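*Asks:* So the sequence shown is residues 161 to 924, counted in my numbering. Don't be surprised by glycine CBs; every beta carbon is placed ideally from N, CA and C. Remember, it's a predicted structure, so these values are computed and weren't measured experimentally.
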Amino acid sequence: MRAGGRLSRVVEMRAMARAGGAADAARAIVELKAVDDAYPLYGTVALSDGAALADALARRDGRWGAAADPDIASRLGVGPGDVLRLGEIELELRATILREPDKGTSLFRFGPRVMIQRDALDASRLVQPGALIYYPYRIALSGGRDAAAWLDATAKRFPQAGWRMRSHTRADPGIERFVDRMTLFLTLVGLTALLVGGVGVGNAVKSHLDTKTATIATYKCLGAPGRLVFLTGFLQVMALAALGALIGVALGALVPMAAAPLLADKLPVAARVAVYPAPLLLAGAFGMIAATAFSIWPLAAAREVPAAALFRDLVAPARRWPRPGYIALNLLAAAALAALALGWAHDKRVAAWFVVGAVASLAGFRLLAWGVVRLASKLPRPRRPLLRLALANVHRPGAPTPSVLVSLGIGLSVLVAVALVEGNLERQVAERLPTAAPAFYFIDIQPDQVADFDRTVASVAGLDSVERVPTVRARIVKLNGEPADSRQVRSDVAWVLRGDRTLTYAGAMPPKTRVVAGEWWPEDYRGPPLVSFDANAAQGMGLEVGDTLTVNVLGREITATIASLRAIDWGDLTMNFVLIFAPGTLEAAPHTHVAAAKVDPAAEAALYRAVTDRFPNISAVRVRDALEAAARLIGQIGLAVRLTAGVTILVGALVLAGAVAAGHRRRIYDAVVLKVLGATRRDVGLAYLIEYGLIGVLAALLAAGVGTLASFVLVTRTMYMDWVFLPETVVVTAGLGVVVTMLFGFAGTFRALGQKAAPLLRNP
161 MRAGGRLSRV VEMRAMARAG GAADAARAIV ELKAVDDAYP LYGTVALSDG
211 AALADALARR DGRWGAAADP DIASRLGVGP GDVLRLGEIE LELRATILRE
261 PDKGTSLFRF GPRVMIQRDA LDASRLVQPG ALIYYPYRIA LSGGRDAAAW
311 LDATAKRFPQ AGWRMRSHTR ADPGIERFVD RMTLFLTLVG LTALLVGGVG
361 VGNAVKSHLD TKTATIATYK CLGAPGRLVF LTGFLQVMAL AALGALIGVA
411 LGALVPMAAA PLLADKLPVA ARVAVYPAPL LLAGAFGMIA ATAFSIWPLA
461 AAREVPAAAL FRDLVAPARR WPRPGYIALN LLAAAALAAL ALGWAHDKRV
511 AAWFVVGAVA SLAGFRLLAW GVVRLASKLP RPRRPLLRLA LANVHRPGAP
561 TPSVLVSLGI GLSVLVAVAL VEGNLERQVA ERLPTAAPAF YFIDIQPDQV
611 ADFDRTVASV AGLDSVERVP TVRARIVKLN GEPADSRQVR SDVAWVLRGD
661 RTLTYAGAMP PKTRVVAGEW WPEDYRGPPL VSFDANAAQG MGLEVGDTLT
711 VNVLGREITA TIASLRAIDW GDLTMNFVLI FAPGTLEAAP HTHVAAAKVD
761 PAAEAALYRA VTDRFPNISA VRVRDALEAA ARLIGQIGLA VRLTAGVTIL
811 VGALVLAGAV AAGHRRRIYD AVVLKVLGAT RRDVGLAYLI EYGLIGVLAA
861 LLAAGVGTLA SFVLVTRTMY MDWVFLPETV VVTAGLGVVV TMLFGFAGTF
911 RALGQKAAPL LRNP
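#1: Do you know how far the Cα of residue 288 is from the Cα of residue 709?
#2: Determine, using beta carbons only, whether residue 779 and residue 176 come nearer to each other than 8 Å.
#3: Taking DSSP as the reference, what is the three-state secondary structure of residue 734?
#4: I'd like the list of long-range same chain contacts for residue 257, defined as Cβ closer than 7 Å, with 5 residues on each side in sequence excluded.
#5: Give me the residue from 343, 587, 643 with the minimum Cα distance to residue 506.
#6: Just to confirm the assignment, what range does the alpha helix (DSSP H) spanning residue 648 have?
#7: Classify residue 247 as helix, strand or coil using the three-state DSSP reduction.
#8: Using the rule of at least 16 other Cβ atoms within 10 Å of the residue's Cβ for burial, across every protein chain shown, is residue 741 buried or exposed?
#9: How many angstroms separate the CA atom of residue 356 from the CA atom of residue 415?
#10: Since residue 775 is in the beta strand (DSSP E), which residue starts that stretch and which ends it?
#11: Below 8 Å on the Cβ atoms is my guess for residue 444 versus residue 397; work out the distance and round it to an integer in Å.
#12: Using only alpha-carbon positions, find the residue among 782, 358, 538, 220 that is nearest to residue 454.
#13: Check whether the Cβ atoms of residue 353 and residue 546 sit closer than 8 Å, and answer yes or no.
#14: Helix, strand or coil, according to DSSP, for residue 274 in the structure here?
#15: Measure the C-alpha to C-alpha separation of residue 696 and residue 587 and round it to an integer number of angstroms.
#16: Please say whether residue 737 and residue 664 have beta carbons closer to each other than 8 Å?
#17: State yes or no: is the C-beta of residue 390 within less than 8 Å of the C-beta of residue 305?
#18: So, residue 676 versus residue 725, is the Cβ gap smaller than 8 Å?
#19: Please report how far the alpha carbon of residue 579 lies from the alpha carbon of residue 867, in whole angstroms.
#20: Return the residue from the list 326, 456, 196 that minimises the CA-CA distance to residue 361.
#21: Could you say if the segment 164-178 and the segment 190-204 meet the contact criterion of at least three C-beta pairs nearer than 8 Å?
#22: Got a sec, what are the start and stop residues for the beta strand (DSSP E) residue 171 sits in?
#23: Exposed or buried, residue 245, counting other C-beta atoms within 10 Å across all chains shown (16 or more means buried)?
#24: So, with DSSP's three-state summary, where would you put residue 851?
#25: For residue 781, does the three-state DSSP call read helix, strand or coil?
#26: Following the continuous beta strand (DSSP E) through residue 301, name the residue where it begins and the one where it ends.
#27: Quick one: what's got a C-beta closer than 7 Å to residue 348's C-beta in the same chain, skipping five residues either side?
#28: Drop a sphere of 10 angstroms on the beta-carbon of residue 407, count the other beta-carbons inside from all chains shown, and report buried for 16 or more, exposed for fewer.
#29: For the beta strand (DSSP E) that residue 703 lies in, which residues bound it at each end?
#30: How close, in whole Å, do the beta carbons of residue 634 and residue 712 come, if the pair is a contact with beta carbons under 8 Å?
#31: Leaving out the 5 sequence neighbours to the left and right, which residues in its chain are closer than 7 Å to residue 536 when beta-carbon positions are compared?
#32: DSSP state of residue 196, grouped into three classes?
#33: Whose C-beta lies closer than 6 Å to the C-beta of residue 569 among residues of the same chain, with five residues either side of it excluded?
#34: Tell me the DSSP secondary structure of residue 709 in three-state form.
#35: If you run the structure through DSSP and keep just helix, strand and coil, what is residue 867?
#36: Answer with buried or exposed for residue 166, where buried requires no fewer than 16 other C-beta atoms within 10 angstroms of its C-beta.
Written as structure tokens, this is what we have:
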């Protein structure tokens with residue numbers, strides 16, 4: 161390793177920390193990092209009061225130093241100058257960590273970071289055989305070496321080492337996967353907003369051309385060819401689209417710059433905020449192609465306006481279809497938009513399904529909108545004038561019903577799906593888990609501490625149950641003799657092959673074990689290695705009973721035959737293992753024990769203190785703290801997801817406002833006629849509210865069905881979780897769409913209510 165360049169060796173583990181040396185002092189689990197003099201290689205560790213890391217961690221007056229995250233004060237009530245006990249040593253907390261340059265490689269933490277020197281870790285005696293410890297080696301390559309080439313050469317030189325090697329471009333695969341998924345989601349939301357905006361472009365072009373029917377017919381009477389009509393409108397649309405795309409690209413470039421200061425303390429690393437030309441050009445291309453794809457049809461239809469439309473089109477509009485050449489041009493533009501989406505997306509499969517779903521959604525919502533208009537025209541006329549007027553407005557010529565149902569329906573569908581997915585995630589954490597989960601997990605129990613640990617736990621009043629099992633860390637390296645990393649496996653079970661897994665061995669079948677294939681071995685089994693495997697993982701890897709697995713245990717490869725498959729419910733947080741070996745294989749390997757304890761809430765503190773006082777090396781993980789941390793993370797992600805998905809609703813609302821504005825002149829005319837016939841402003845306003853309320857309710861109902869179906873597929877087929885319908889979530893989310901529709905619709909027609917009749921009657 162040193163031959164590659166500058167080397168920094170770090171040790172990371174979880175440990176119990178205690179404030180001071182008093183018996184009743186506060187204690188908490190911490191994320192311990194022991195560093196050497198070369199750390200961090202790149203960047204700097206920023207400490208309070210500008211202290212240098214080496215000085216803060218150095219040994220002075222017989223005591224090692226430590227630096228910790230600021231939230232250690234809330235966990236342990238300590239600050240700079242106080243004493244912190246770790247294992248068998250006492251340290252002086254000399255500074256708080258303001259910035260940790262490699263913090264971004266850790267997405268989820270159980271406790272605050274505590275940083276110490278490597279020599280201090282040795283003195284703590286926390287490093288025990290079989291303890292769960294990570295040893296990251298960081299190398300700053302020398303001589304301008306290529307990172308990928310160096311990694312490849314090192315892997316070939318040490319093929320059996322079992323290391324996980326990655327370059328700076330993939331600092332943490334887990335975070336990379338999370339970012340990729342968020343990128344995928346943002347891509348889908350962006351494309352959905354683009355789709356809704358494209359519908360708005362088509363609606364705006366159609367509405368604009370509807371007001372120009374007389375002008376187009378006049379051109380036709382004067383001998384203008386249809387091509388001139390199309391090109392005139394197309395150039396206008398492209399000029400406006402270019403201006404809109406330019407404004408959108410400018411805003412897109414400025415928003416991250418404005419948001420960077422607000423997000424600085426939320427990000428583990430400093431954001432590189434700058435103007436990136438390629439994404440901006442791509443965004444502009446999406447906008448221009450979308451405008452082209454959605455404007456060709458109404459422009460081509462307007463080309464076919466006959467001269468006679470000058471006299472009768474208002475009351476008897478003719479159905480006009482574009483010519484085959486224009487239809488082909490429209491399909492070509494739509495194909496270009498789909499190709500750009502596929503070429504740009506990281507996940508081509510998901511992008512392809514999105515394109516198919518977008519086409520199906522547009523067609524489906526348009527068909528449903530047509531059905532709604534037809535149904536409204538066939539319904540009996542209500543006796544109440546306001547209801548009759550509102551219903552007539554839904555299906556009258558030029559009504560915005562189809563455009564509003566399509567654009568707002570698609571946007572609401574996304575929001576309903578997102579809300580249901582997030583609700584199911586929160587349900588997993590907040591409702592289901594706490595009822596079945598143990599109160600504590602105790603990890604790193606040494607074999608020679610087992611008997612004493614059992615006695616200590618049993619002496620605590622209020623203990624409900626405790627389950628303790630031996631654990632070994634191993635990595636699956638082969639499936640049926642083939643390298644595991646070359647095997648194509650289902651995405652939801654790929655985590656089983658990533659890095660080390662915790663496994664155990666047992667003679668008797670553990671409680672609550674459900675074997676779904678094969679048989680459990682005899683309790684006194686002694687023979688060739690056998691293993692019981694997770695049934696879902698086996699299905700995702702194409703394995704069955706009788707196949708073989710090869711695991712690497714501390715450098716030694718062990719091949720075992722799959723004797724049984726188990727159905728595992730990972731959601732209840734009980735003792736579950738992907739791999740359980742039969743007796744006679746792993747007993748001699750260095751290992752530790754893990755215990756899960758259920759205890760009355762009133763006795764949790766007593767159990768916590770009894771174990772951590774007696775065994776400084778044993779870490780106690782409070783399940784409630786882990787669940788709260790997970791809930792906070794899901795809540796933050798959910799908020800970001802909801803805000804992002806709200807973009808589609810905003811776009812849909814703008815499309816609605818555009819559709820209303822396009823019919824503003826007709827609304828004024830309708831309001832004036834109604835006033836002349838005796839209607840008050842209140843009557844006309846209520847009619848408009850009822851009209852847009854009906855449209856909003858219809859859009860919400862359609863979106864509730866589509867969004868519910870989409871969330872079911874996402875939760876069960878992508879996340880592989882149980883799905884539950886949440887009616888309150890759907891009602892609230894869909895109700896938001898109704899309110900938005902009514903507000904924007906009424907706001908767009910409010911000015912029409914104040915128009916005086918005389919000027920319009922004098923100048924029809």
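*Replies:* Taking the coordinates as given:
#1: Position 549 of the sequence shown, counting from 1, holds the residue named residue 709. Position 128 of the sequence shown, counting from 1, holds the residue named residue 288. Rounded to whole angstroms, residue 709 to residue 288 spans 28 Å at the Cα level.
#2: Taking the first residue of the sequence shown as 1, we reach residue 779 at position 619. Taking the first residue of the sequence shown as 1, we reach residue 176 at position 16. Yes, Cβ-Cβ distance for residue 779 and residue 176 is below 8 Å.
#3: Position 574 of the sequence shown, counted from the first residue, corresponds to residue 734. Coil, per DSSP.
#4: Taking the first residue of the sequence shown as position 1, residue 257 is located at position 97. Once the five neighbours on either side are set aside, the close Cβ partners of residue 257 are 205, 207, 227, 228, 229, 273, 275.
#5: Counting from 1 along the sequence shown, the entry for residue 506 is found at position 346. Closest option to residue 506, Cα to Cα, is 343.
#6: Stepping through the sequence shown from its first residue, residue 648 is reached at position 488. Neither: residue 648 is in no alpha helix (DSSP H) and is coded neither H nor E.
#7: Position 87 of the sequence shown, counted from the start, is the residue given in the question as residue 247. DSSP places residue 247 in coil when its eight states are reduced to three.
#8: Walking along the sequence shown from the start, residue 741 turns up at place 581. Residue 741 is buried by the Cβ-count criterion.
#9: The residue you call residue 356 lines up with position 196 of the sequence shown. The residue you call residue 415 lines up with position 255 of the sequence shown. Distance between the alpha carbons of residue 356 and residue 415: 21 Å.
#10: In the sequence shown, the residue the question calls residue 775 occupies position 615. No beta strand (DSSP E) holds residue 775; DSSP gives it neither H nor E.
#11: By one-based count along the sequence shown, residue 444 stands at place 284. By one-based count along the sequence shown, residue 397 stands at place 237. With 8 Å as the limit, residue 444 and residue 397 do not qualify as a contact, their Cβ atoms being about 16 Å apart.
#12: Working through the sequence shown from its first residue, we reach residue 454 at position 294. Of the listed residues, the one whose Cα sits closest to residue 454 is 358.
#13: The residue labelled residue 353 in the question sits at position 193 within the sequence shown. The residue labelled residue 546 in the question sits at position 386 within the sequence shown. Cβ atoms of residue 353 and residue 546: not closer than 8 Å.
#14: For the purposes of this step, residue 274 is taken as the residue at position 114 of the sequence shown. It is a strand residue.
#15: Numbered from 1 along the sequence shown, position 536 holds the residue referred to as residue 696. Numbered from 1 along the sequence shown, position 427 holds the residue referred to as residue 587. C-alpha separation (whole angstroms): 22 Å.
#16: Position 504 of the sequence shown, counted from the start, is the residue given in the question as residue 664. Position 577 of the sequence shown, counted from the start, is the residue given in the question as residue 737. Yes, Cβ-Cβ distance for residue 664 and residue 737 is below 8 Å.
#17: Taking the sequence shown and counting its residues from 1, the one referred to as residue 390 is at position 230. Taking the sequence shown and counting its residues from 1, the one referred to as residue 305 is at position 145. Cβ atoms of residue 390 and residue 305: not closer than 8 Å.
#18: Residue mapping note: residue 676 aligns to position 516 of the sequence shown, counting from 1. Residue mapping note: residue 725 aligns to position 565 of the sequence shown, counting from 1. Yes. Within cutoff.
#19: Here residue 579 refers to the residue found at position 419 when the sequence shown is read from its first residue. Here residue 867 refers to the residue found at position 707 when the sequence shown is read from its first residue. Computed Cα separation, rounded: 9 Å.
#20: Taking the first residue of the sequence shown as 1, we reach residue 361 at position 201. Ranking the options by Cα distance to residue 361, first place goes to 456.
#21: yes
#22: The residue labelled residue 171 in the question sits at position 11 within the sequence shown. That run of the beta strand (DSSP E) goes 171-179.
#23: The residue labelled residue 245 in the question sits at position 85 within the sequence shown. Label assigned to residue 245: buried.
#24: Taking the first residue of the sequence shown as 1, we reach residue 851 at position 691. Three-state result, residue 851: helix.
#25: If you number the sequence shown from 1, residue 781 lands on position 621. Looking at residue 781 - three-state DSSP - the assignment turns out to be strand.
#26: To locate residue 301, count along the sequence shown from 1; it is residue 141. Per DSSP, residue 301 belongs to the beta strand (DSSP E) from 297-301.
#27: As a working note, residue 348 is residue 188 in the sequence shown. Closer than 7 Å at the Cβ level, and outside the excluded window around residue 348, lie 514.
#28: Here residue 407 corresponds to residue number 247 of the sequence shown, with the count starting at 1. So residue 407 ends up on the exposed side.
#29: In the sequence shown, counting from the first residue as 1, residue 703 sits at position 543. First-last for residue 703: undefined, no H or E at that position.
#30: By one-based count along the sequence shown, residue 634 stands at place 474. By one-based count along the sequence shown, residue 712 stands at place 552. The Cβ separation is near 6 Å, so the contact holds.
#31: The sequence position of residue 536 within the sequence shown is 376, counting from 1. Correct list, in chain order: 551, 554, 555.
#32: To locate residue 196, count along the sequence shown from 1; it is residue 36. If DSSP states are grouped into helix, strand and coil, residue 196 belongs with coil.
#33: Taking the first residue of the sequence shown as 1, we reach residue 569 at position 409. The answer, listed in chain order, is 525, 859, 862, 863.
#34: By 1-based counting over the sequence shown, the position of residue 709 is 549. Three-state result, residue 709: strand.
#35: Counting from 1 along the sequence shown, the entry for residue 867 is found at position 707. Reduced to three states, the DSSP call for residue 867 is helix.
#36: In the sequence shown, the residue the question calls residue 166 occupies position 6. Residue 166 is exposed by the Cβ-count criterion.
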